[in-house]
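There are 2 protein chains.
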Amino acid sequence: MAATLITPDQCADSIMTVVPAVTRFLRASIRSHGKPHLSLSQLRVLYFLQRRSQSSLSAVADYLDVTRPTMSAMVDRLVQRGLVHRSPDPSERRRIILSLTPEGTATMERVYRATQQTVADRLEALSAAQLNQISAGLALLSTLFEEPHVSALGQAHGDTE
Amino acid sequence: MAATLITPDQCADSIMTVVPAVTRFLRASIRSHGKPHLSLSQLRVLYFLQRRSQSSLSAVADYLDVTRPTMSAMVDRLVQRGLVHRSPDPSERRRIILSLTPEGTATMERVYRATQQTVADRLEALSAAQLNQISAGLALLSTLFEEPHVSALGQAHGDTE
DNA sequence: GTTAGATAGTTAGGTGAGCTAATAGTTAGC
DNA sequence: GCTAACTATTAGCTCACCTAACTATCTAAC
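Which chain is which? The protein sequence lines are A and B, in order.
Using my numbering, the first residue of the first sequence is number 28, and each one after it goes up by one.
Using my numbering, the first residue of the second sequence is number 28, and each one after it goes up by one.
Rendered as structure tokens:
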């Protein structure tokens, strides 16, 4: 409708404005739903671990694009809360294997679904065409800005094809 | 075309995946361009102050959707770096007036433009139609997830020259 | 006018995400 | 066997967030 000609600069401008706003919304949603408060980053770690269980710390760090020390500290907190389990890898003894505890799985699913629902509630107001418009835009952004190896997360929402 | 039927849940899923990825990209871009390193949040504060100069601390906090103590600490850092100036409001003596210093304006514009350019570079690969698709999606997200008062930032991308 | 309530900003104290640099242990290459 | 590369951790830092509590100021009500 208002789709006049857009320059990359203007589009970049929009990205820089909208993305932080949505980030704040996501953070607030997660906070309001988690009884043991999860951060957005923690949720992403748990979400990743659910589908790539037995990952090494480095693998998770690479996927989420943070340094290993950062991930090490994050895992510390998650282990301390009983959501993640660290175990040694027998074949590679410098590596650790990360996996979700049952509680970690439950917490992750609960918070993820609740957050997803909060976001979906906002989207309810839209028409199917508008939903598709958002979805198409996000898909493009995904190809442009996601780290290549992160695409597994991006693909993961499409098992209903 | 590839726009099959999308459920709100799937769309929410995409949002939760893509938005953090783009956030990371923005953060990395800003970091790489600022000589005095600015954070994404700091850039947003400076960006806002440029077009709403003489704002009070609360006004900025409300716009960026953070608490006053958080904004107070952020302003502390920006003042310490000589980018922002705190002055008393003569008519309301409990209020402070925030404004960019010349250096603050210069730093903001440099970092903002460089970041915008980095983002725009990625967007160059797209067709006009794809650009419009992203733009349209972002516009919708903006109406859904931005705080009402923040819309001024969203409108603001067309005033250079 | 004084007193009660709201409002603006700060301070104190905490959690968590992020970084770099340096370290210990492990594996692999030569 | 020695070195080089890799995995994870520790230490030390900055910054973005939060809540609770405090000061100062303004407003309104009595």
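Yeah, the Cβ is synthetic: ideal placement off N, Cα and C, and Gly gets one too.
query	result
What span of residues does the beta strand (DSSP E) with B:R54 cover, start to end?	Taken as a continuous stretch (DSSP letters only), B:R54 belongs to no beta strand (DSSP E), being part of the alpha helix (DSSP H) at 35–60.
By the 7 Å beta-carbon criterion, what residues does the stretch 47–80 of chain B contribute toward chain A?	P47, A48, V49, T50, R51, F52, L53, L67, R71
Does the stretch 33–46 of chain A come close enough to the stretch 94–114 of chain A to have 3 or more Cβ pairs within less than 8 Å?	no
Starting from B:H112, follow its DSSP beta bridges and name the residues at the other end.	B:S126
To be precise: take each residue of the stretch 152–175 of chain B, compare its Cβ to all Cβ atoms of chain A, and keep it if any distance is under 8 Å. Which residues remain?	A152, L153, A155, Q157, L158, N159, Q160, I161, S162, A163, G164, L165, A166, L167, L168, S169, L171, F172, E173, E174
Please tell me whether A:I42 has its Cβ less than 9 Å away from any Cβ of chain B.	yes
Which of helix, strand or coil does DSSP assign to B:S83?	strand
Spatial neighbours of A:V106 within its chain, please: C-beta separation below 6 Å, excluding the five flanking residues on both sides.	R113
Counting only Cβ pairs nearer than 7 Å, list the residues of chain B close to A:D36.	Q143, A147
Strictly under 9 Å for the Cβ-Cβ distance: is B:V111 near chain A by that measure?	no
Give me the Cβ distance between A:S83 and A:I33, rounded to the nearest whole Å; I'm assuming they're in contact under 8 Å.	Their Cβ separation, rounded to whole angstroms, is 42 Å, which puts A:S83 and A:I33 out of contact at 8 Å.
How would you call A:E173, buried or exposed, if buried means at least 16 neighbouring beta carbons within 10 angstroms?	buried
Since B:I124 meets chain A, which of its residues come closer than 7 Å, beta carbon to beta carbon?	None at all; the shortest Cβ gap to chain A is about 24 Å.
Taking 9 Å as the threshold (beta carbon to beta carbon), is B:A39 in contact with chain A?	yes
If the criterion is Cβ atoms closer than 9 Å, does the pair A:A163 and B:Q69 meet it?	no
Is there a C-beta anywhere in chain B that falls below 9 Å from the one on A:V45?	yes
Apply the 10 Å Cβ neighbour rule to B:P47 and answer buried if 16 or more other Cβ atoms are within range, or exposed otherwise.	buried
So, at 8 Å on beta carbons, what are the nonlocal neighbours of B:T50 in its own chain, with the 5 sequence-adjacent residues on each side left out?	L67
Checking contacts by CB at 9 Å: is B:L150 closer than that to chain A?	yes
In whole angstroms, give me the CA-to-CA distance for B:L165 and B:R108.	33 Å
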